[in-house]
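In this note's numbering, the protein residues as written are 591 to 656. The beta carbon of each residue, even a glycine, is placed where N, CA and C say it ideally should be. Report on one structure; see the data block that follows.
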């Protein structure tokens with residue numbers, strides 16, 4: 591397991607990490623693009639999953655713009 595797979599981020603931390611709004615991270619989670627772990631009322635994502643979701647989202651956006 592890599593360090594990225596073990597590094598958990600909150601929604602605001604994840605948003606800052608990839609340069610999007612926290613609402614965008616929540617949308618990715620809600621739409622199933624980003625797996626999340628809920629502990630009580632807090633939501634966490636792994637850094638590895640975040641980077642994969644960001645890459646996939648950007649690729650989908652690039653495909654739609656052509």
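query, result
"Please classify residue 604 as buried or exposed, where buried requires at least 16 neighbouring CB atoms within 10 angstroms.", "buried"
"May I ask you to report which of helix, strand or coil DSSP gives residue 608?", "helix"
"Which same chain residues, not among the five before or five after residue 599, have their C-beta less than 8 Å away from its C-beta?", "607, 634, 635, 636, 637, 640"
"Identify the continuous beta strand (DSSP E) that holds residue 600 and give its terminal residues.", "598-600"
"Just list the beta strand (DSSP E) runs in the stretch 614-646, keeping only unbroken ones of 3 residues or longer that don't cross its boundaries, in chain order.", "627-629, 632-636"
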